[in-house]
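Residue numbers (my numbering): 1314 to 1501. Where a beta carbon is used, it is the ideal one built from N, C-alpha and C, also for glycine. First comes the structure, then the notes that go with it.
Below, the structure written as structure tokens:
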């Protein structure tokens, strides 16, 4: 705990933070909670990277807060944790997570907005349907492919016209994903 707080060497601090998370004991968790508010962005990144395997409502609360961090990596790790912590979150936390993720759908970073969409889908929000339809028209074929894949997972018949249009996409992976999505919707 002292090394995580006091070392001048960044690698030592990161190692200490990883060790605190690995032991998953109350003292280690409390130290991680304390370090999550550190002024050093590298420390915050390490904390939220390390806590991805700690599933309690206090860590969920920290991640809700960290998903608003100005640092892209801290936001990403926090959202990633929230994606897999639905069993640990209270009903009130789930509502806050949905509200937070809805706001992050328009994040300029495509990784954050995609992770926010996955969080919303995990928590049962229907707010991502329009986003997924818009993704089919994106300039990046990877974004179009991910949109088609997600629409197939949603199994929403409203997506059929847009997916049929995506069968004409210039990218063969997008066309294949659109076909797969249509088959999933047809199986519902």
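What's the C-alpha gap between residue i and residue j?
| i | j | result |
| --- | --- | --- |
| residue 1341 | residue 1416 | 32 Å |
| residue 1477 | residue 1441 | 19 Å |
| residue 1348 | residue 1356 | 7 Å |
| residue 1403 | residue 1373 | 9 Å |
| residue 1465 | residue 1473 | 9 Å |
| residue 1360 | residue 1330 | 6 Å |
| residue 1401 | residue 1407 | 10 Å |
| residue 1446 | residue 1460 | 7 Å |
| residue 1484 | residue 1410 | 34 Å |
| residue 1468 | residue 1324 | 46 Å |
| residue 1321 | residue 1422 | 31 Å |
| residue 1432 | residue 1319 | 35 Å |
| residue 1456 | residue 1419 | 14 Å |
| residue 1344 | residue 1350 | 11 Å |
| residue 1328 | residue 1458 | 37 Å |
| residue 1424 | residue 1405 | 26 Å |
| residue 1493 | residue 1382 | 37 Å |
| residue 1521 | residue 1490 | No answer is possible for residue 1521: the residues shown for the chain start at 1314 and end at 1501. |
| residue 1335 | residue 1362 | 12 Å |
With a Cβ-Cβ cutoff of 8 Å, do residue i and residue j count as a contact?
| i | j | result |
| --- | --- | --- |
| residue 1346 | residue 1390 | no |
| residue 1392 | residue 1429 | yes |
| residue 1386 | residue 1364 | no |
| residue 1326 | residue 1316 | yes |
| residue 1479 | residue 1487 | yes |
| residue 1436 | residue 1398 | no |
| residue 1413 | residue 1463 | no |
Can you tell which of the options has its C-alpha closest to the C-alpha of residue i?
| i | options | result |
| --- | --- | --- |
| residue 1396 | 1383, 1354, 1426 and 1335 | 1426 |
| residue 1352 | 1494, 1384, 1362 and 1495 | 1384 |
| residue 1451 | 1482, 1471 and 1489 | 1482 |
| residue 1339 | 1371, 1490 and 1491 | 1371 |
What are the uninterrupted segments assigned as alpha helix (DSSP H) that are 4 or more residues long and contained completely in the stretch 1463–1490, given in chain order?
-> Taking only runs of at least 4 residues, the alpha helix (DSSP H) segments lying wholly in the stretch 1463–1490 are 1473–1479.
At 4 residues or longer, and completely inside the stretch 1378–1430: list those alpha helix (DSSP H) runs for me, N to C.
-> Fully enclosed alpha helix (DSSP H) runs of 4 or longer: 1385–1396 and 1404–1417.
Could you name each continuous alpha helix (DSSP H) segment of 4 residues or more that falls completely within the stretch 1317–1371, going from the start of the chain to the end?
-> Listed in chain order, the complete alpha helix (DSSP H) runs (minimum 4 residues) inside the stretch 1317–1371 are 1323–1336, 1339–1348 and 1354–1363.
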